[in-house]
Amino acid sequence: MKISTILIDDEARSRQNLKQLLDEYCPNIEIVAEAGSATEALALIIKHQPDLIFLDIEMGEFSGFDLLKMLHAPQTFELIFVTAFDRYGIQAVKACALDYLLKPINIMELCSAVNKASGQIGPKKENERLRELMANIDRKEEEQRIAVPLADKIEFIPVAKILRLEAEGNYTHFYLDEGKHHLVCRTLKEYQELLEGHQFVRTHQSHLINFKKITAYVKKDGGYISMEDGSTVPISRQKKDEVLSRILR
């Protein structure tokens, strides 16, 4: 059975990348339309009544959640978010969406999400999870979080709770407040890009730190950073000027 699908993302490159992955790895997906904005998507959803929607949350003037608010009638489609951040309390949302994919998209996670959709799609009836999601949108906003894929779940971690990140090959160690630690199958470079614009600075090829969690800059031994958890982080010669300009503002 073909699953009629609409891709909604304001970045054409992201839509094209997702389309290529679906064409190659998910032959049961039939893309009936694409939209680059919430207003464009609204008309396409009404026209096509799709089985499945891939929806980006952050989309310029109107977010993916704004789009869901525009859909007043009970909806029957399944919903997969494709994003990394949110500012809308995703902890209240995550139990309601069918799945949640992070950019850059992991092929195995994509196939798993599509398989979930295949198991849910049947005779058209109201999607109760989606109804609950739409009710959650206007509830109390939590601080911004980053979605972190772990072995058995996706955890939504407040950015403010991250002390530092450390690379280990294609993996990244997350060191958090209260001594918590996660090892994630993503590169440090990917998380540097996601955290750009926040209170993070790359001190070394293998280290990204939250400069609001620094307790001291120690000048000896070439210079290093002490963090709130008692750990120390080296500063490479190439990064020293940038690091000092950020933390000494």
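For the sequence shown, the working numbering gives the first residue as 32, with consecutive numbering after it.
Ideal Cβ positions, reconstructed from N, Cα and C, are used throughout, including at glycine.
- Contact between Glu259 and Leu207 is absent: CB atoms are separated by about 11 Å, not below the 8 Å threshold.
- Taking 8 Å as the cut-off, the Cβ atoms of Tyr56 and Ile138 count as close.
- For Ile76, the uninterrupted alpha helix (DSSP H) run begins and ends at 69-79, by DSSP.
- Shown here for Tyr202: same chain residues with a beta carbon closer than 7 Å to its own, the five before and five after excluded, namely Leu214, Val215, Cys216 in chain order.
- With contacts defined as CB atoms closer than 8 Å, Ala69 and Met101 qualify as a contacting pair.
- Asn146 counts as exposed, since fewer than 16 other C-beta atoms from the protein chains shown sit within 10 angstroms of its C-beta.
- Scanning its chain for C-beta atoms nearer than 8 Å, with the 5 sequence neighbours on each side dropped, one finds around Gly210 the residues Asp260, in chain order.
- Taking every protein chain shown into account, the CB of His103 has fewer than 16 other CB atoms within 10 angstroms, so this residue is exposed.
- Straight across, the Cα-Cα distance linking Gly200 with His235 is about 14 Å.
- A straight line joining the alpha-carbon of Asp183 with that of Lys251 spans about 43 Å.
- One alpha carbon belongs to Ile278, the other to Glu92, and they sit about 33 Å apart.
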